[in-house]
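Residue numbers (the numbering used here): 1439 to 1590.
Even for Gly, the Cβ is constructed at its ideal location relative to N, Cα and C.
Data block below; observations after.
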């Protein structure tokens, strides 16, 4: 998949602060399929994302995991249901539950790598396990329960 899952969302569903392609003030997070059957995204925090000097604000980490999780869920549904990755993508997911465990301070000035792995799909419910790392440091783990929106 050469395009990010978020870039395939229809325009009426592309305004999210964390990942919406139509929100120029947002983070513009992009989720891609990786070579191992999971998902990956990259994000480099800016100085305004500081919590304590030298570390990233935990709310940003939550926002990134939230958007990466819902994007990953949409990608995993497409794979499961053999839906082609093309615009407009008929699959969009929202967060029902998000759990984050902070493992280490997330350092500033280091590109962050987010990874997602499908745990299970049951009807419209998708569970995804995630990690957020800065270089070799595992900074946070997360799990999301995403719900597939009903098609209009």
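So the beta strand (DSSP E) residue i belongs to, where does it begin and stop?
i	result
residue 1559	1550–1560
residue 1480	1477–1481
residue 1569	1563–1572
Find out if the Cβ-Cβ distance for the pair residue i, residue j is shorter than 8 angstroms.
i	j	result
residue 1562	residue 1582	no
residue 1550	residue 1570	yes
residue 1566	residue 1552	no
Given a threshold of 16 other Cβ atoms within 10 Å of its Cβ, counted over all protein chains shown, does residue i qualify as buried or as exposed?
i	result
residue 1530	buried
residue 1535	exposed
residue 1539	exposed
At a threshold of 7 angstroms, does residue i count as lining the ligand FAD (C-beta to nearest heavy atom)?
i	result
residue 1534	Of the ligands one can find in the structure shown there are none, so the ligand FAD has no counterpart to examine.
Can you tell which of the options has the C-alpha that lies nearest to the C-alpha of residue i?
i	options	result
residue 1487	1501, 1475 and 1478	1501
residue 1456	1517, 1532 and 1476	1532
residue 1445	1490, 1513 and 1520	1513
residue 1469	1570, 1477 and 1575	1477
residue 1508	1467, 1496 and 1484	1467
residue 1454	1474, 1504, 1485 and 1489	1504
Completely contained beta strand (DSSP E) runs for the stretch 1506–1556, where each covers 3 or more residues: When DSSP assignments are scanned along the stretch 1506–1556, the uninterrupted stretches of beta strand (DSSP E) that are 3 or more residues long and fall wholly within it turn out to be 1531–1540.
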